[in-house]
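Those protein sequence lines, which keep their order, are chains A and B. Its first residue numbered 6, the first sequence is counted upward by one per residue in this note's numbering. Its first residue numbered 6, the second sequence is counted upward by one per residue in this note's numbering. Below you'll find the structure, written out as structure tokens, and then a few comments.
Number of protein chains: 2
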Amino acid sequence: MRIRAHSDPDLAALAALIGDPSRAAILVALMDGRALPAGDLARRAGISPQTASAHLDRLFRGNLLAVEVQGRHHYYRLHDERVARLVEAMATIAPAPPVRTPAQRDAARTLRFARTCYGHLAGALGVALTGAIRERGYLNEADAGFIVTAAGDRWFRDFGIDLDALRGQRRPLARRCLDWSERRHHLAGALGVAIASRCFDNGWIARVRDSRAVRLTDRGREAMRREFSLKIDNLSISSPN
Amino acid sequence: MRIRAHSDPDLAALAALIGDPSRAAILVALMDGRALPAGDLARRAGISPQTASAHLDRLFRGNLLAVEVQGRHHYYRLHDERVARLVEAMATIAPAPPVRTPAQRDAARTLRFARTCYGHLAGALGVALTGAIRERGYLNEADAGFIVTAAGDRWFRDFGIDLDALRGQRRPLARRCLDWSERRHHLAGALGVAIASRCFDNGWIARVRDSRAVRLTDRGREAMRREFSLKIDNLSISSPN
DNA sequence: CGAACATTTCGATGCGCGTCGAAATCAAGC
DNA sequence: GCTTGATTTCGACGCGCATCGAAATGTTCG
Chain A
6 MRIRAHSDPD LAALAALIGD PSRAAILVAL MDGRALPAGD LARRAGISPQ TASAHLDRLF
66 RGNLLAVEVQ GRHHYYRLHD ERVARLVEAM ATIAPAPPVR TPAQRDAART LRFARTCYGH
126 LAGALGVALT GAIRERGYLN EADAGFIVTA AGDRWFRDFG IDLDALRGQR RPLARRCLDW
186 SERRHHLAGA LGVAIASRCF DNGWIARVRD SRAVRLTDRG REAMRREFSL KIDNLSISSP
246 N
Chain B
6 MRIRAHSDPD LAALAALIGD PSRAAILVAL MDGRALPAGD LARRAGISPQ TASAHLDRLF
66 RGNLLAVEVQ GRHHYYRLHD ERVARLVEAM ATIAPAPPVR TPAQRDAART LRFARTCYGH
126 LAGALGVALT GAIRERGYLN EADAGFIVTA AGDRWFRDFG IDLDALRGQR RPLARRCLDW
186 SERRHHLAGA LGVAIASRCF DNGWIARVRD SRAVRLTDRG REAMRREFSL KIDNLSISSP
246 N
């Protein structure tokens with residue numbers, strides 16, 4: 006006789022869905038929140054288009070992905086920000102894969118330093134930036150995330166962010182996201198995305214090819230010091246306090 | 006040529022570990038934080054002892070379980086509170102399993118109403134209790150969890166909780182835990198465990214046999230109304246605000 | 001309409017692994 | 001020391017499923 010906790014949610018089904026190397030690679034490739042065509046995902050996961058198609062279908066039916074069809078292209082993206090948060094949470098516990106080559110060491114270091122996560126900034130840079138913004142009293146902690154203070158309201162507008170437009174969106178304004186490499190929270194939500202966008206626009210950061218990683222430009226390094234008192238040497242960050 | 010994000014943590018390995026029905030059942034059985042012997046876990050998961058042994062070994066080597074040997078018994082428990090939080094996070098997204106029998110409907114309702122989660126209270130009751138405590142200003146939100154206020158300090162001591170002893174522990178005092186059935190946070194950490202213990206000791210709640218679920222006793226129903234202004238009819242909870 | 005391309009469907013192959021029976025190991029108690 | 005019980009190890013079976021080749025479907029463009 007089998008005694009099973011029937012009434013619990015079906016953990017195993019969800020975990021098994023993520024627990025295939027190819028499907029996990031697809032999810033990771035979509036972690037920055039963009040929508041990518043099926044063929045592209047097949048290439049990134051290192052599998053044939055047929056195989057990827059089957060995986061994408063399973064992920065879609067499992068409510069982990071959403072799909073948007075544009076002509077002959079099928080663009081897949083994470084179904085939900087909750088999916089991104091789950092993947093981050095798992096990455097916090099998951100073992101680091103064995104590092105084989107010096108090139109991989111570099112790639113790992115670059116990724117830990119700064120990357121995009123569902124459109125906002127993560128990694129050491131994302132955590133440090135969030136810390137600096139909190140230091141200055143622009144954000145306060147709240148239940149589900151952060152609250153923009155009056156001082157923050159002024160500052161974000163000066164920074165070129167249309168807070169009213171962001172508040173009008175359905176997605177939460179300022180949410181916490183657990184950083185797997187730093188194991189601390191960083192700023193997510195519409196505001197987090199907007200800040201990352203401004204940093205891209207200003208030429209402070211730039212995407213690394215074929216990766217979620219971003220690198221800090223020289224102008225960005227200067228700006229971090231000027232705007233946030235963040236001293237950044239190569240890949241290490243120190244703040245005044 | 007395979008393009009893989011080598012530098013990301015090995016999601017797939019972790020997810021595959023959880024993604025087997027038997028192993029997931031084992032993890033769920035341990036979700037209340039207790040340590041159970043291998044044979045017991047085999048029975049709960051509905052598999053033979055040999056099979057369970059293999060699964061337990063894999064979960065142990067994957068750092069999801071810890072084991073304590075006492076004589077001929079091997080007691081397994083979740084390795085970490087982080088593991089419990091991950092399982093809860095997955096349950097928040099995981100699909101509800103198809104309900105077949107009326108008995109399962111009842112079991113599911115009971116479980117959603119109140120259960121233990123790593124030693125503290127979860128479910129509708131856990132969330133409502135946490136809300137009531139916050140309402141009264143005994144807890145404030147903070148970065149990683151809750152902070153006990155001065156008023157809360159007095160109240161918890163009156164309630165029979167030795168806060169100093171709890172603060173001396175390595176585990177955090179008052180932490181947030183996301184509730185999969187209510188999709189809101191409830192109180193976890195040493196304080197959460199202590200409150201649940203007091204509720205058990207006072208005869209307010211009692212464990213349901215072979216389940217993580219707990220039921221509210223008549224005395225408990227009265228106490229919830231008296232101490233927290235929570236009006237509880239059968240399985241529904243309403244608060245004054 | 002026909003060629004090129006993206007994606008999916010179908011079918012077949014092969015491997016990984018969950019499963020249990022049998023037996024070994026280890027501890028406890030009479 | 002022998003029996004009982006808990007757990008693990010070994011070995012073998014069988015199913016599920018990830019994978020790819022071949023071909024079908026759908027779309028864009030000339």
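For every residue, glycine included, the Cβ atom is placed at its ideal position computed from N, Cα and C. Computed from a prediction, not measured in an experiment: that's the story for all the values here.
- Contact between A:Ala119 and A:Leu130 holds, since their C-beta atoms are separated by about 4 Å, short of 8 Å.
- Distance between A:Arg39 and A:Leu221, taken at the CA atoms: about 21 Å.
- Proximity to B:Gln174 across B:Ala199, B:Phe164 and B:Ala133 peaks at B:Ala199, based on C-alpha coordinates.
- In the three-state scheme derived from DSSP, where H, G and I count as helix and E and B as strand, A:Gly225 is classed as helix.
- For the C-beta of B:Trp209, not a single chain A residue is nearer than 8 Å; the gap to the nearest is close to 23 Å.
- In the three-state scheme derived from DSSP, where H, G and I count as helix and E and B as strand, B:Asp238 is classed as strand.
- Scanning its chain for C-beta atoms nearer than 6 Å, with the 5 sequence neighbours on each side dropped, one finds around A:Asp37 the residues Thr121 and Arg217, in chain order.
- Nearest C-alpha to A:Gly194 among A:Arg203, A:Leu69 and A:Cys182: A:Cys182.
- When DSSP states are grouped into helix, strand and coil, B:Phe164 belongs to the coil group.
- The C-alpha of B:His191 lies about 29 Å from the C-alpha of A:Leu134.
- Around the Cβ of A:Arg231, a 10 Å sphere holds fewer than 16 other Cβ atoms; the residue is exposed.
- Chain-order list of chain A residues neighbouring B:Val74: empty, with the shortest C-beta distance near 24 Å, by a criterion of under 9 Å.
- A:Arg139 places its beta carbon 7 Å or farther from that of A:Ser186.
- In this model, A:His78 and A:Ser27 are separated by some 20 Å (Cα to Cα).
- For B:Gly24, the nearest beta carbon of chain A is closer than 7 Å to its own beta carbon.
- It is roughly 7 Å from the alpha-carbon of B:Leu41 to the alpha-carbon of B:Leu35.
- Annotated as proximal: B:Leu19 and A:Ala99, with beta-carbon spacing under 7 Å.
- Nearest CB-CB separation between B:Arg188 and chain A: not below the 7 Å threshold.
- Straight-line measurement puts the Cα of B:Val213 at about 42 Å from the Cα of A:Ala59.
- The DSSP-derived three-state label of B:Val88 is helix.
- Per DSSP, B:Val213 lies in no beta strand (DSSP E) segment and is marked neither H nor E.
- For A:Ile152, the enclosing beta strand (DSSP E) starts and ends at Phe151 to Val153.
- At a cut-off of 7 Å between C-beta atoms, B:Ile138 does not count as an interface residue with respect to chain A.
- For A:Thr121, the enclosing beta strand (DSSP E) stretches over residues Arg120 to Cys122.
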